[in-house]
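Heads up, the thing below is written out as structure tokens.
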Amino acid sequence: MNRTLVLLAGLAAAATGSLAHAGTVPGLTGWTTVGDVLLNSDGSALITTAAVDSGETPASAHSALLFDALEPALQLAPGALPGDSYEGSGLVLQTQLAAPVRISFNWTLSTDSFDAGYRDRAFLAVDGQLVGELGEVQPFALNGSYSLTLSAGSHSVALGLFDVNSTDLVSRLAISGLTVSPVPEPGTYALMLGGLAGVALVARRRRPSGRG
Ligand SMILES: [Ca+2]
-15 MNRTLVLLAG
-5 LAAAATGSLA
5 HAGTVPGLTG
15 WTTVGDVLLN
25 SDGSALITTA
35 AVDSGETPAS
45 AHSALLFDAL
55 EPALQLAPGA
65 LPGDSYEGSG
75 LVLQTQLAAP
85 VRISFNWTLS
95 TDSFDAGYRD
105 RAFLAVDGQL
115 VGELGEVQPF
125 ALNGSYSLTL
135 SAGSHSVALG
145 LFDVNSTDLV
155 SRLAISGLTV
165 SPVPEPGTYA
175 LMLGGLAGVA
185 LVARRRRPSG
195 RG
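Put into structure tokens, the structure is as follows:
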């Protein structure tokens, strides 16, 4: 192996090493459950709007929470949940990031008995505010996948589901395939390209000196 190849191999190892440092975190490691959330051994989760006080049967040992208890538990700002929200559940991640990450997951939204006047909704929140609506219940199950990128720093991420217009009905949000992966920063690419350019320059300079 010539020196250029050794340099390239070393550079590649250094680059992947820095990216792999944060690692890809599968499943729900580090996430906190709020309300009625059933965690499965395969890393998937079932979030429902079932509460014992509403005459419903939760999937877990805990009931869905009313909106005014749900907001602080999911680290949402007061009033972050819309005025038609009643009770719900969710997952929250509080994280301190040294580098950007991408959070990705698949979701399925369904309801026990569809009523057009009570379209329960699934949401995603970052740093205390809702940033996206995954969907509202339909007569059939809805599926989708979602991913978002978080910048370096301190963040809270919440995803959940709430009853709309009353505490009635039980809706379900299934989450699977959740991963937290490192995202290369522009600076990382610049460093890698700079390193490769340097290697190329060394290789060019050596060429006239023969076969080494
Ligand atoms: Ca309910």
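Counting from -15, one number per residue, gives the positions in the sequence shown under my numbering. We put the CB at the ideal spot given by N, CA and C, even for glycine.
In the same chain as ALA158, and ignoring 5 residues on each side of it, the C-beta atoms closer than 6 Å to its own belong to LEU30 and THR92, in chain order. Selection SER165, ASP147 and SER73 evaluated against GLU120 yields ASP147 as nearest (Cα-Cα). With respect to the C-alpha of GLN80, the residue from ALA136, SER165 and PRO42 having the closest C-alpha is ALA136. Judged by beta-carbon spacing, ALA45 lies beyond the 7 Å limit of VAL18, meaning their Cβ atoms are not closer than that value.
In its chain, beyond the 5 residues on either side, SER38, TYR70 and GLU71 have a beta carbon closer than 6 Å to the beta carbon of THR151.
A Cβ-Cβ contact shorter than 7 Å links VAL141 with VAL110. Relative to the non-hydrogen atoms of ligand 1, the Cβ of ALA61 never comes closer than 6 Å to any of them.
One thing to note: ARG86 has its Cβ within 7 Å of the Cβ of THR133. Pairing SER73 with VAL21 gives a Cβ-Cβ distance under 7 Å. Ligand 1 never approaches SER47 closely enough for any of its heavy atoms to be under 6 Å from the residue's Cβ.
Of the heavy atoms belonging to ligand 1, none sits nearer than 6 Å to the Cβ of ALA125.
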